[in-house]
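Report on the following structure.
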Amino acid sequence: MRIIQGLYKGFQFPVYHGSNTRPTSDLVKESLFNSLAPYLDIEEIKVLDLFAGTGNIGLECLSRGAASLVSVDLAAKNSQYMQAIKSKLQIEHWQIVKSDAIKFLEHNQSPFQLIFADPPYDYPNIHTLVQKVIQADWFLSQPSLFVLEHVDRLVFQDKLVFLKKQYGNTAFTCFQS
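Per my numbering, numbering through the sequence shown is continuous, rising by one, with the last residue being 175.
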């Protein structure tokens, strides 16, 4: 697992077997970013990474010029892993929050232009999570994208869905405000 492009290009993530992590492969990550390029300029945007795990996707955004990143994960071990990377790379505009994703969303008022969520494939509250994001005032009040990584058998039908991608048993559904 490595950073593909930008300021931290080539950074290799230390080997990690954390709490319920399923890091997005480099090939899938690169394809996803290429698919999003026509819809979103990552430079100078605010990014929210829910169920951040290793911080792989969020750090890729920072590397490509995002203004700031908030990574949310409930597992202390995952937060500690991301904190070690943040310290090693001396990143100041990366906030790591140990929290339940839905509780974070219920209290969040800050706008983000890109929201990425990669919950466990067996996450029981996935539909609640989607609704919390796409119905949030801060999401609807500005141009924003929400990218949800999920198991391929789930299908989301909503007027805000603008892109669906599938890579093996991994699927991405993208919502746009």
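Virtual Cβ for every residue (Gly too), placed ideally from N, Cα, C. Model, not experiment: these values are computed from the prediction.
When you compare the CB positions of residue i and residue j, do they come within less than 9 Å of one another, or not?
{"i": "Gln111", "j": "Leu38", "result": "yes"}
{"i": "Arg124", "j": "Leu143", "result": "Note on identity: in this sequence residue 124 is Ile, with Arg being the wrong assignment. Their beta carbons are not under 9 Å apart, which means Ile124 does not touch Leu143 by this criterion."}
{"i": "Ser61", "j": "Lys7", "result": "yes"}
{"i": "Leu161", "j": "Ile132", "result": "no"}
{"i": "Ser77", "j": "Lys96", "result": "yes"}
What's the C-alpha gap between residue i and residue j?
{"i": "Glu41", "j": "Gln81", "result": "23 Å"}
{"i": "Pro12", "j": "His105", "result": "32 Å"}
{"i": "Lys27", "j": "Ile55", "result": "7 Å"}
{"i": "Asn32", "j": "Leu127", "result": "25 Å"}
{"i": "Ile43", "j": "Gly63", "result": "8 Å"}
{"i": "Asp150", "j": "Pro36", "result": "23 Å"}
Give the single residue among the options whose Cα lies nearest to the Cα of residue i.
{"i": "Leu25", "options": "Lys44, Thr171, Ile2 and Glu104", "result": "Ile2"}
{"i": "Asp116", "options": "Leu152, Phe170, Phe31 and Ser29", "result": "Phe170"}
{"i": "Leu46", "options": "Trp136, Gln88, Pro36 and Ala74", "result": "Trp136"}
{"i": "Tyr121", "options": "Ser139, Pro109 and His148", "result": "His148"}
{"i": "Phe114", "options": "Leu5, Met(-1), Leu34 and Lys101", "result": "Leu34"}
What does DSSP give as the partner residues of residue i in its beta bridges?
{"i": "Val149", "result": "Thr168"}
{"i": "Arg0", "result": "Gln10"}
_Under 8 Å, with one C-beta from each stretch per pair, do the stretch 84 to 95 and the stretch 60 to 75 reach the 3-pair mark?_
Output reads yes: the stretch 60 to 75 touches the stretch 84 to 95.
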